[in-house]
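Enquirer: Protein chains in written order, with UniProt numbering: chain A, 1 to 431; chain B, 1 to 431. Below is a structure I'd like to ask you about.
Number of protein chains: 2
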Amino acid sequence: MNATIIKNGVVLTPGKRAERKDIRITGKTIDQIASVIQPTREDSVVDASGKLVTPGFVNTHTHTGSTLLRGAGGGLPLQEWLRTVMWPAEATFTETTVRAASDLAMAEMIRSGTTMFMDMYHLDMLHLAERVTEVGMKAVLGRGMIALDGRWTERLEAAEELVKTIQSDKSGLLKAAVSPHALYTCPPDFIRKAGELAEKYDVIRHTHVSETAQEVQHHLSSHGVSPCRHLHELGFLTPKTVLAHAVHVTEEELLLLKENRSAVSHNPRSNLKLGSGVAPVRKMLKSGIPVGLGTDSAASNNRLSVLADMQTAALLHAGTEENSTAVQAEDWMSAAWNSGASMLGFPDSGRLEEGSAADVVLIRSDRLHMTPDIHERAADHLLFAAESADITDVWSNGKALMREGSLLTLDEEKVRAEAEAEWRKIAESNV
Amino acid sequence: MNATIIKNGVVLTPGKRAERKDIRITGKTIDQIASVIQPTREDSVVDASGKLVTPGFVNTHTHTGSTLLRGAGGGLPLQEWLRTVMWPAEATFTETTVRAASDLAMAEMIRSGTTMFMDMYHLDMLHLAERVTEVGMKAVLGRGMIALDGRWTERLEAAEELVKTIQSDKSGLLKAAVSPHALYTCPPDFIRKAGELAEKYDVIRHTHVSETAQEVQHHLSSHGVSPCRHLHELGFLTPKTVLAHAVHVTEEELLLLKENRSAVSHNPRSNLKLGSGVAPVRKMLKSGIPVGLGTDSAASNNRLSVLADMQTAALLHAGTEENSTAVQAEDWMSAAWNSGASMLGFPDSGRLEEGSAADVVLIRSDRLHMTPDIHERAADHLLFAAESADITDVWSNGKALMREGSLLTLDEEKVRAEAEAEWRKIAESNV
């Protein structure tokens, strides 16, 4: 089998010194990493001189279907923004809106080096499953369920249909999640049933929890128990559970997460933009709770760039902890790469190691904003200076999704044009 | 006189709805803004379709001479980082190091849309004054003074020489500052003398204050008075004073700043990266204290992009105040543009108005990460999505510094090569 050899790049690995190395991709796998790899005549050679080499970034929480709401209603607090902007607009969404939105999301994610994401959305997820495999990304997909109207069976059946479809897929790119939206949009018994469904198929449980102080207060006064304890009592905290946000959680709740080996998707840009607050990530990491990084939807970010969220997180927690070493660079890289991938059920992704899945990203470091471009500073450049325009090449499972700045599996101009056209339809229908 | 007409761009103005407008630049000035401007045959026409049009960004605090230390010693707290990384490296700097560093800084600033900056550095500032006018940016320059060794006269004379040189310059691009480094590096009587020097020439007073909690504690125990009150007692707080950082300031100190009409350079990325903390910007703005945005040096940022600092600030204060409307978008735009320019003594800059200085920036908004690209969301795209690679064109005082992504007054490849070569010299001399 012909291989691709990525030569002369500076390889970044959490906790290790950045080093110039060559990497060979054969099929879907990184099968060699060495100081010098000699290509055979059949191999393709990619020159990564002046570039950093990283694993594909992993987005542990997003809602690709709402990407057309990017920047809508900026400056509103979460509940008001959901009630007055997001939900009314989403009520007008058709299949074509959501397809245009997801393509836009995947195009932006690939451009910013993301190869894997976990998506929670209530519309058109069967189509998304198909589309992800066409585009060549990896994804964990869960049908977002809001269950205040009593139509529980309908919701759970649709969720189950998605799980079954994904489990019959042979691409190796997909996994399923069961995703009740949140404790404030799903009655406790519904959460329990959702957990049972996840158990039946051995898939990820994914929900929003304790995003705002107000939400936690409401939950305490309605139910007399903290949200994470409530999830625990409902059987929802497992080693295959990923909780989005967990901004306002107590030490006791962190202990429950730790004991249940549940993971957190930290979504710093969304939490900041919506005024939700700052999650206690240093404490989570210190307890050994797995932490990944999520963009949340473009509507509250406004990027879908895990790189941007990693950079925001690195600045944010050093600053708010008033301790520049509160969380180490290697912990942010793990969150963006291997920890994120592991919590999504892809333990062989998110790492540049022999035998790992070939999810690889090249990032130019020969830029003004990363000069001097020296190995000892490569991690600092990545965490505090690189931007998505510096990313030139992306492989997912050995398949090239972007080469030399051009997307290969999505038509960028068409994706943009369709997104604009779909938004115009919605805007006109609301006049 | 031939004019440049910028056509079809979406003009962003703090507090106003973004609107498609044409802008005419004649000489150094914006002399017309209108829905449609018909060019004469002699005029140059720039098509800004698919672009945002903003004023030049203003960097109210930086140290361009130390740009080669970008990313050095990442993860150390401020005092340790100064003592073990910054000051030892700077002790080896020669004239050529600092010139390469300043050119690198100016190139990166122009690329990220910055047309004006205030620089505090202790080396080679006379040369920088000349270089700024060649490059065509605007700058306020002050010789950074550390005065713990008793050689006060020497320091003050060098500062005065810079002030006199700048005041004899006819370009209109330069202003002078008197810049004692900080209360912890300058004895109180030296600060008083520095203030008197600024008074004599009617120039800006610029110093660091209350950057870390530790520094404030030390000052209180050594001097029995808070840093800002101390500056006030030393006659240093005036309407021409710009204080860098002011992270750890009390309500009483904010009142002193307000009463003296002194301004603050908020440097969020540096304050976060170094673990210094979060400045009370909402309170400052509520008190009417002018707030600008500074990158601080590349060594602690690692960017020299006011756009990046504005974006970080917008996220940070919404999140830490747990209120997405704590500071309005228009306040961040004013800080980055007109408030910043005014506090640096250029009240006609930082605004897109007829009669203003022609400091103009074009930013592509036809990008995946700013789709849908609609006027109502332009401010949100700028604050939460744009990146420096989206910036294509920059004019300062009517002179084009970047056109269609290419720097015109600096040779980008040469700037990068010289910076790398100078850093290698330093690294080798330290072996």
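By construction, the Cβ of each residue, glycine as well, lies at the ideal position given by its N, Cα and C atoms. Predicted model only: the values in this text are computed from it and were never measured.
1) Taking the beta carbon of residue 431 (chain B) as the centre, do at least 16 other beta carbons fall within 10 Å, making it buried, or is it exposed?
2) Quick one: list the residues of chain A neighbouring residue 439 (chain B), beta-carbon separation under 7 Å, in chain order.
3) Does the CB of residue 423 (chain A) have a neighbour CB from chain D at under 8 Å?
4) Give, in chain order, every unbroken run of the alpha helix (DSSP H) that is at least 4 residues long and sits entirely within the segment 71-110 of chain A.
5) Of all the CB atoms in chain A, is at least one closer than 8 Å to the CB of residue 262 (chain B)?
6) Note down the Cα distance separating residue 116 (chain B) from residue 7 (chain B), rounded to an integer number of angstroms.
7) Determine the chain A residues that contact residue 318 (chain B) at a beta-carbon separation under 7 Å, and present them in chain order.
8) Just by C-beta distance, which residues in the segment 384-399 of chain B are closer than 9 Å to chain A?
9) Which residues in chain B sit within 8 Å of residue 192 (chain A), going by Cβ to Cβ distance?
10) May I ask you to list the residues that DSSP assigns as paired with residue 139 (chain A)?
11) Between the C-alpha atoms of residue 15 (chain A) and residue 264 (chain B), what's the straight-line distance to the nearest angstrom?
12) Taking 8 Å as the cut-off, decide whether the C-beta atoms of residue 74 (chain A) and residue 360 (chain A) are in contact.
13) Going by beta-carbon coordinates alone, are residue 68 (chain A) and residue 100 (chain A) separated by less than 8 Å?
14) Taking Cβ positions only, does residue 220 (chain B) come closer than 8 Å to chain A?
15) Does the contact criterion of 3 or more C-beta pairs under 8 Å hold for the segment 332-344 of chain A versus the segment 38-58 of chain A?
16) Can you have a look at residue 224 (chain A) and say buried or exposed, based on whether 16 or more other CB atoms are within 10 angstroms of its CB?
17) Just to confirm, is the Cβ distance from residue 385 (chain A) to residue 303 (chain B) under 8 Å?
18) Along chain B, which residues have their Cβ under 7 Å away from the Cβ of residue 104 (chain A)?
19) Which residues, in order along the segment 199-213 of chain A, keep a beta-carbon less than 9 Å from a beta-carbon of chain B?
20) Any C-beta of chain A sitting closer than 8 Å to the C-beta of residue 71 (chain B)?
21) Mind pulling the alpha helix (DSSP H) runs of 4 or more residues that sit fully within the segment 262-311 of chain B?
22) Starting from the Cα of residue 38 (chain B), find the closest Cα among B:50, B:27, B:23 and give me that residue.
23) Report the CB separation of residue 222 (chain B) from residue 247 (chain B) in whole angstroms; it is logged as a contact under 8 Å.
24) Pull up the DSSP beta-bridge partners for residue 437 (chain A), would you.
25) In three-state terms, what does DSSP make of residue 316 (chain A)?
26) Looking at chain A, is there any beta carbon in it that lies within less than 8 Å of the beta carbon of residue 74 (chain B)?
27) What residues in its chain sit with their C-beta under 7 Å from that of residue 299 (chain B), if we drop five residues either side in the sequence?
28) Are residue 285 (chain B) and residue 262 (chain B) closer than 8 Å when you measure CB to CB?
29) So the beta strand (DSSP E) residue 25 (chain A) belongs to, where does it begin and stop?
30) With a CB to CB cut of under 8 Å and the five nearest residues on each side skipped, what residues in its chain are close to residue 31 (chain A)?
31) Give every residue of the same chain whose Cβ lies closer than 7 Å to the Cβ of residue 253 (chain A), excluding the five residues on either side of it in the sequence, and list them in chain order.
32) Along the chain, where does the alpha helix (DSSP H) that runs through residue 337 (chain B) open and close?
33) By the criterion of Cβ-Cβ separation under 9 Å, what are the contact partners of residue 119 (chain A) in chain B?
34) Quick check: the Cα distance between residue 169 (chain B) and residue 126 (chain B), rounded to an integer number of angstroms?
35) Can you pull the DSSP bridge partners for residue 206 (chain B)?
36) What did DSSP end up calling residue 431 (chain A) once you bin it into helix, strand or coil?
Expert: According to the data block:
1) Translated into the one-based positions of the second sequence, residue 431 (chain B) becomes position 431. Here the model assigns residue 431 (chain B) a pLDDT of 49, short of 50, so the residue's position is not dependable and the matter cannot be decided.
2) No statement about residue 439 (chain B) is possible, as the shown extent of chain B runs from 1 to 431 and does not include it.
3) Chain labels in this structure do not include chain D; the protein chains are A and B.
4) The alpha helix (DSSP H) runs lying completely inside the segment 71-110 of chain A and spanning 4 residues or more are 78-81, 87-91, given in chain order.
5) Along the second sequence, one-based indexing puts residue 262 (chain B) at 262. Output row for residue 262 (chain B): interface = no.
6) Along the second sequence, read from residue 1 onward, the residue named residue 116 (chain B) stands at position 116. Along the second sequence, read from residue 1 onward, the residue named residue 7 (chain B) stands at position 7. Straight through space, the alpha carbons of residue 7 (chain B) and residue 116 (chain B) are spaced by roughly 24 Å.
7) Walking along the second sequence from the start, residue 318 (chain B) turns up at place 318. Those within 7 Å of residue 318 (chain B) in chain A are 272, 273, 275.
8) Result list: 384, 385, 387, 388, 389, 390.
9) The residue given as residue 192 (chain A) occupies position 192 in the first sequence. Taking a Cβ-Cβ cut-off of 8 Å, residue 192 (chain A) has no neighbours in chain B, whose nearest Cβ is about 31 Å from it.
10) In the first sequence, residue 139 (chain A) corresponds to position 139, counting from 1. According to DSSP, residue pairing for residue 139 (chain A) in a beta bridge involves A:117, A:174.
11) Here the question's residue 15 (chain A) lines up with position 15 in the first sequence. Here the question's residue 264 (chain B) lines up with position 264 in the second sequence. So the two alpha carbons sit approximately 38 Å from each other.
12) The count along the first sequence starts at 1 and reaches residue 74 (chain A) at position 74. The count along the first sequence starts at 1 and reaches residue 360 (chain A) at position 360. No; because the gap between Cβ atoms is not below 8 Å, this pair is not in contact.
13) Translated into the one-based positions of the first sequence, residue 68 (chain A) becomes position 68. Translated into the one-based positions of the first sequence, residue 100 (chain A) becomes position 100. Taking 8 Å as the Cβ cut-off, residue 68 (chain A) and residue 100 (chain A) qualify as a contacting pair.
14) In the second sequence, counting from the first residue as 1, residue 220 (chain B) sits at position 220. Against chain A, the CB of residue 220 (chain B) has no partner CB under 8 Å away; the residue lies outside that interface.
15) Contact between the segment 332-344 of chain A and the segment 38-58 of chain A is present, because at least three Cβ pairs lie under 8 Å.
16) Against the first sequence, residue 224 (chain A) aligns to sequence position 224. With fewer than 16 other CB atoms across the displayed protein chains lying within 10 angstroms of its CB, residue 224 (chain A) is exposed.
17) Here residue 385 (chain A) corresponds to residue number 385 of the first sequence, with the count starting at 1. Here residue 303 (chain B) corresponds to residue number 303 of the second sequence, with the count starting at 1. Yes, they are a contact pair.
18) Translated into positions along the first sequence, residue 104 (chain A) becomes position 104. Chain B residues near residue 104 (chain A): 368, 371.
19) Under the 9 Å Cβ criterion, the segment 199-213 of chain A contributes 212, 213.
20) As a first step, residue 71 (chain B) is located in the second sequence; it is residue number 71 there, counting from the start. It does; some Cβ of chain A falls within 8 Å.
21) Within the segment 262-311 of chain B, the runs of alpha helix (DSSP H) at least 4 residues long that lie entirely inside it are, in chain order, 268-273, 281-286.
22) Looking up residue 38 (chain B) in the second sequence gives position 38. Of the candidates B:50, B:27, B:23, B:23 places its Cα closest to the Cα of residue 38 (chain B).
23) Counting from 1 along the second sequence, the entry for residue 222 (chain B) is found at position 222. Counting from 1 along the second sequence, the entry for residue 247 (chain B) is found at position 247. The pair is not a contact, with the Cβ atoms about 19 Å apart (cut-off 8 Å).
24) Outside the shown range of chain A, which is 1 to 431, sits residue 437 (chain A), and nothing can be said about it.
25) In the first sequence, the residue the question calls residue 316 (chain A) occupies position 316. In the structure shown, residue 316 (chain A) sits in a helix (DSSP, three-state: H, G or I).
26) As a first step, residue 74 (chain B) is located in the second sequence; it is residue number 74 there, counting from the start. At least one beta carbon of chain A lies nearer than 8 Å to the beta carbon of residue 74 (chain B).
27) As a first step, residue 299 (chain B) is located in the second sequence; it is residue number 299 there, counting from the start. Within the same chain, 66, 69, 70, 72, 86 come within 7 Å of residue 299 (chain B) by CB-CB distance, once the 5 residues on both sides are set aside.
28) As a position in the second sequence, residue 285 (chain B) is number 285, starting the count at 1. As a position in the second sequence, residue 262 (chain B) is number 262, starting the count at 1. No. Outside cutoff.
29) Within the first sequence, the letter at position 25 stands for residue 25 (chain A). Note, residue 25 (chain A): beta strand (DSSP E), 19-26.
30) Within the first sequence, the letter at position 31 stands for residue 31 (chain A). Cβ contact annotation for residue 31 (chain A) (same chain, cutoff 8 Å, sequence separation greater than five): 3, 24, 25, 354, 355, in chain order.
31) As a first step, residue 253 (chain A) must be located in the first sequence, where it is residue number 253. Excluding five sequence positions before and after residue 253 (chain A), the CB atoms of its chain that fall closer than 7 Å to its own CB belong to 226, 228, 229, given in chain order.
32) By 1-based counting over the second sequence, the position of residue 337 (chain B) is 337. Where residue 337 (chain B) is concerned, there is no enclosing alpha helix (DSSP H), because DSSP gives it neither an H nor an E.
33) Within the first sequence, residue 119 (chain A) is the residue found at index 119, counting from 1. Neighbours of residue 119 (chain A) in chain B, taken as residues whose beta carbon is under 9 Å from its own, are absent, since the nearest beta carbon is some 17 Å off.
34) Walking along the second sequence from the start, residue 169 (chain B) turns up at place 169. Walking along the second sequence from the start, residue 126 (chain B) turns up at place 126. Cα-Cα distance, rounded: 11 Å.
35) Reading the second sequence from its first residue, position 206 is the one you call residue 206 (chain B). Paired residues: B:242.
36) By 1-based counting over the first sequence, the position of residue 431 (chain A) is 431. Annotation note: pLDDT 49 at residue 431 (chain A) (below 50); position unreliable, no value reported.
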